[in-house]
Amino acid sequence: MLTSFIITCKRLRIDPFAYLRDIFARISAHKQTHLDELLPDKWHAAQSAPSS
């Protein structure tokens, strides 16, 4: 599973280390019903979105 995340990150031109470091820090506090928000594509979109 970890390999899948790394390959997806590379495909999306995301630094796998930055992605994994961030989600490992946040996953325990994240709602279980919203874990899909931590998938690489959605994570990248959220990181790229302008902050309000």
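If you're matching positions, the sequence shown starts at 0 in numbering that gives the first Met the number 0 and goes up one per residue. Even glycine gets a Cβ: it sits at the ideal position worked out from N, Cα and C.
The beta carbon of H29 is closer than 7 Å to those of L37 in its chain, skipping five residues each way along the sequence. Taking all protein chains shown into account, P39 has 16 or more neighbouring C-beta atoms within 10 Å of its C-beta and is therefore buried. Take T7, set aside five residues on each side of it, and the residues of its chain with a beta-carbon closer than 6 Å to its own are P39, in chain order. By the Cβ neighbour-count rule, I26 is exposed, with fewer than 16 other Cβ atoms within 10 Å of its own.
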